[in-house]
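Here the sequence shown stands for residues 6 to 811, where the numbers follow my numbering. Idealized CB from N, CA, C, for every residue including glycine.
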Amino acid sequence: MGSSSGSHRKRQGRCREEQGLLWGGFSLSAGILTYFSLPEEPSAPVLFCALFVLASWAIWRYRTRGLNLAVLLGLWFCTGFAAGSFRTAYVAAPRLEAARTLDVHGVVTEREQSSSGPRLIVDVLEAGSRGRMAPPGRQERGNVIPARIRLSIPDASTVRAGDHVRLKARLFPPSSPIRPGGYDFSFSAYFSGIGATGFTYGKPEVIGEPPSIGLRRTLEELRQALAARIRQSLSPGDPAELAVALLVGERAGLSDKAEESLRAAGLAHVLAISGLHMGLFAGGAYAAVLLILAMIEPLALRFPLHKIAAGVALLAASFYLLLSGASVSTQRAFIMISLVFLGILTSRRGLTLHSVALAGIALLLVRPEQLFHPGFQMSFASVICLVAVYSQWTDSRLRKLAGGERAEMRNLPLRLVLTPLFWLFGVLATTAIAGLATGIIGAHHFGRIASYGMIGNLLGMPLVSLIIMPMGVLALALMPLGLSALPLFAMEKGLSMLLAVASFTQSLEDGRGSVVPPGASATLFLTSGLFWLLLARGRWRWISPGLIAVGLAFLVIERPADVQIADSGATVAARDREGSLRISSARASFAGEMWLQAEGVSPDLLKSRKMAADQAACDETGCVYRAYPPGNAEDRRNWAGLGLALFGLGSAAEQGAVDKLELEQVVIGKNSETESREERVRALLVALPRTVEALELDCRLADVVVTDLDVPADCAASFVIGGKDRKDLGALSFWLETPFLGKTEALSGADGGERDRIEDGLEGDGLTGVLQGDASENSGGSKAPQRTVISAWRGAKTRPPRPWHQ
6 MGSSSGSHRK RQGRCREEQG LLWGGFSLSA GILTYFSLPE EPSAPVLFCA
56 LFVLASWAIW RYRTRGLNLA VLLGLWFCTG FAAGSFRTAY VAAPRLEAAR
106 TLDVHGVVTE REQSSSGPRL IVDVLEAGSR GRMAPPGRQE RGNVIPARIR
156 LSIPDASTVR AGDHVRLKAR LFPPSSPIRP GGYDFSFSAY FSGIGATGFT
206 YGKPEVIGEP PSIGLRRTLE ELRQALAARI RQSLSPGDPA ELAVALLVGE
256 RAGLSDKAEE SLRAAGLAHV LAISGLHMGL FAGGAYAAVL LILAMIEPLA
306 LRFPLHKIAA GVALLAASFY LLLSGASVST QRAFIMISLV FLGILTSRRG
356 LTLHSVALAG IALLLVRPEQ LFHPGFQMSF ASVICLVAVY SQWTDSRLRK
406 LAGGERAEMR NLPLRLVLTP LFWLFGVLAT TAIAGLATGI IGAHHFGRIA
456 SYGMIGNLLG MPLVSLIIMP MGVLALALMP LGLSALPLFA MEKGLSMLLA
506 VASFTQSLED GRGSVVPPGA SATLFLTSGL FWLLLARGRW RWISPGLIAV
556 GLAFLVIERP ADVQIADSGA TVAARDREGS LRISSARASF AGEMWLQAEG
606 VSPDLLKSRK MAADQAACDE TGCVYRAYPP GNAEDRRNWA GLGLALFGLG
656 SAAEQGAVDK LELEQVVIGK NSETESREER VRALLVALPR TVEALELDCR
706 LADVVVTDLD VPADCAASFV IGGKDRKDLG ALSFWLETPF LGKTEALSGA
756 DGGERDRIED GLEGDGLTGV LQGDASENSG GSKAPQRTVI SAWRGAKTRP
806 PRPWHQ
């Protein structure tokens, strides 16, 4: 009993030692999340004074009483908060405020290939128009000159990284989110230093090459030369382009069909050069060097060969980092693999929760914004879960059985039978754990799940691990000797089989991979519950079901918006009378695709989701749209609608009817408990006027008015957003419902204030709610149309705006 108790305490001590830094990393992440979630920027002087006081108190407590867990986690939290604030202030750079056409002199720092063509990242030296040039940060004709820009260029352009160029470009400010809570390019651009995006008129003119970019140019030329060599050695097609993507990180040549097949099969992670590729590349170098040195007897007897091989593998990993373009995912993988080989050099375990936490903390302290990057989240979520399960497995009886430590496992035939079964179990467990950890996050960001991802990974990953990447590493090693043809041929065959596996798995899915993306709250609680389940010990583990239950509750409560309005123009999405979301334009657009993704609908169906003629009417003066609540009468009273009120996203409310319009009354549901009956619902009229005359008419007849024009104070519409507020709030989302009969409630918006009217200049800040409309109960019985009302709404940007939205 004593021995068992001592062993249990030893395992608990080792668990605390390994997990201590990991929980510090979680607390650091919580501080970063809190900072970036604030509605407005905190005061820097107040923040750093508070941190100084807190640090002084922590030092005093450490010297007098020591630091307990709560204090340590609090310090990590404050460190994360401060890191976010410092990083935001450090990367601040000039940004374009309005669309402009400018002449630009600058240096190309990066050339990248996108699905739409080549793009350049240019550091601006000076820019202007009509011969008046100014350096970055200066005002030129009322607009600030940005310091760095991203430009689309013609396919025929031969500009490379390091070139000094002169060009003429149409520039635009970085775009804000397409919908509240959606992908925010403006956020990414801010922390990349990009102050404008656009396109060039014609090909940029190369006027020189600054000597300070020589290394960058050399690496870029090496990557292009390797890509060309690989393409020359293989037959044209997706296998060759996939080989280029895996070895040098260039994915532009891969067809959309092949990329979609890999994504549907759950194999899209193969495309991103990450831990798998880095591990196989550096691990292959380690094994090769160790094998060669072991064959030389004097060296094998005198020197620690495994440490020499680890040093060479570190150099190989560094080379692969530079060769593949040093993307964010590759940087993460490099840190992880470096810790493994440093563990060999220092005679310590390399891959532990402690080292995983160390890598994550290092990345977040340098770039806190990476916390919101899908690649960062999915990478560390899968690694944490895998290492946690593996650590528990090594201490279990199952591990002892697999290692042959029990007497019955000393039987060789039995081991020959069970070893493959344990290997198969390991593959299935790895796929399931990594798939669960990344599936929740992937669904949140991309609105997709790989329904048959386990089958795709079970069939495809052995090809990647045993054929594709080993042959790729061998091809790179033999390429200087001119002997790469054979390993590249083997790699091509493996890639062809991988694409066949992806196509087969996609056929099983049959288009069922699109899902309604879980909201941020649901994703946070579900992943937290998973981490807690795998990391906590003893009775503390019972907290996990509670976290998961809260996440599932949010999953049920949250639902997509019923009306989406882009941050500019008249592009709108609204539900039709059947409750299906329809787009105002069938032309391919990023906004339309993102709105359908939020609905759980494949973007491929964009053309079939165009609004009917009776739902939208547009002319040169503006547009008017009819919007309906989702589902039928029973669905509109489900947990989703109630949850909006319970969790502060709004409550049911009534608004005045638009009696001057003859609105269509439509059947949207039936009562299953009694005889079939018609339930008539009045559409919500959403107007986007462009002229003053149209604005006057819409103020009298429409329910919702959204316009760039200044709106008069006597506008009678129930909900108005106009003038400066339209620009400040960005894209808009509305949730609709028909109020419960016999109830009248005040309308509460998503941000906690009254949300019926927003007008420029009211009460000084231009953002004030004033309840309008008829609050009387519906007394018309079943024959009267039920009014459609706004239960909640959100803007994509906060007021006042954070730095990345200014």
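Burial state of residue i (16 or more Cβ within 10 Å)
i: Gly769; result: Because the pLDDT at Gly769 is just 33, under 50, the model does not fix this residue reliably, and the value given afterwards should be weighed accordingly. The residue in question, Gly769, is exposed, as its Cβ has fewer than 16 Cβ neighbours within 10 Å.
i: Leu539; result: buried
i: Trp545; result: exposed
i: Val506; result: buried
i: Arg587; result: buried
i: Val58; result: exposed
i: Pro44; result: exposed
i: Trp644; result: Residue placement at Trp644 is poorly supported in this model, since its pLDDT is 35, which falls under 50; the coordinates still yield a value, given next. Answer is exposed; the Cβ neighbour count stays below 16.
i: Phe41; result: buried
i: Glu210; result: exposed
i: Tyr67; result: exposed
i: Leu403; result: Caution is warranted here: a pLDDT of 48 is assigned to Leu403, below 50, making its placement in the model unreliable, and no coordinate value can be reported.
i: Met484; result: buried
i: Asp168; result: buried
i: Ile795; result: buried
Residue j beta carbon less than 8 Å from that of residue i
i: Leu734; j: Val709; result: no
i: Leu493; j: Leu468; result: no
i: Val629; j: Ser519; result: no
i: Ser533; j: Phe559; result: no
i: Thr626; j: Arg731; result: no
i: Gly37; j: Gly89; result: Inspection of the sequence shows that residue 37 is occupied by Ile rather than by Gly. Result yes, Cβ atoms of Ile37 and Gly89 sit closer than 8 Å.
i: Val113; j: Gly198; result: no
i: Pro244; j: Leu500; result: yes
i: Pro178; j: Ala152; result: no
i: Arg453; j: Gly461; result: no
i: Tyr457; j: Thr510; result: yes
i: Lys312; j: Ile349; result: yes
i: Leu251; j: His282; result: yes
i: Val850; j: Ile154; result: Summary: the structure shown does not reach residue 850, with the chain confined to residues 6 through 811, and so no result is reported for it.
i: Leu310; j: Leu295; result: yes
i: Ala591; j: Leu611; result: yes
i: Val361; j: Val388; result: yes
i: Arg687; j: Thr793; result: yes
Nearest-angstrom Cα separation, counted from residue j out to residue i
i: Ile763; j: Glu374; result: In this prediction, Ile763 has a pLDDT of 34, which is less than 50 and means its spatial position is unreliable; nothing more can be read from the coordinates.
i: Gly465; j: Leu706; result: 59 Å
i: Leu319; j: Gln569; result: 50 Å
i: Pro523; j: Arg184; result: 15 Å
i: Leu344; j: Leu363; result: 9 Å
i: Thr712; j: Ala575; result: 9 Å
i: Gly25; j: Ala632; result: 52 Å
i: Arg614; j: Glu598; result: 11 Å
i: Ala98; j: Tyr195; result: 8 Å
i: Ala174; j: Ala94; result: 28 Å
i: Ser134; j: Leu107; result: 5 Å
i: Ser396; j: Leu358; result: 9 Å
i: Pro744; j: Gln791; result: 8 Å
i: Phe91; j: Trp809; result: 14 Å
i: Ala437; j: Cys720; result: 57 Å
i: Trp65; j: Phe381; result: 36 Å
Opening and closing residue of the beta strand (DSSP E) in which residue i lies
i: Lys312; result: Not the beta strand (DSSP E): Lys312 falls in the alpha helix (DSSP H), residues Leu310 to Leu328.
i: Leu130; result: Gly122 to Ser134
i: Val469; result: Premise fails: Val469 is in no beta strand (DSSP E) and is neither H nor E.
i: Arg92; result: Taken as a continuous stretch (DSSP letters only), Arg92 belongs to no beta strand (DSSP E), being part of the alpha helix (DSSP H) at Leu74 to Tyr95.
i: Gly735; result: Note, Gly735: premise wrong, no beta strand (DSSP E); not H, not E.
i: Leu693; result: Leu689 to Pro694
i: Gly111; result: Arg105 to Ser119
Where the alpha helix (DSSP H) through residue i begins and ends
i: Arg705; result: Val697 to Leu706
i: Leu529; result: Ala525 to Leu540
i: Gln602; result: Phe595 to Glu604
i: His810; result: Run containing His810: none; DSSP gives neither H nor E here.
i: Met476; result: Met474 to Leu483
Which ranges does the beta strand (DSSP E) cover as unbroken runs of at least 3 residues, wholly within the stretch 190-263, from first to last along the chain? 201-205 and 210-213
Beta strand (DSSP E) runs contained entirely in the stretch 538-594, provided each spans 3 or more residues: 568-570, 577-580 and 586-588
Quick one: complete alpha helix (DSSP H) runs, 4+ long, within the stretch 344-396? 358-371
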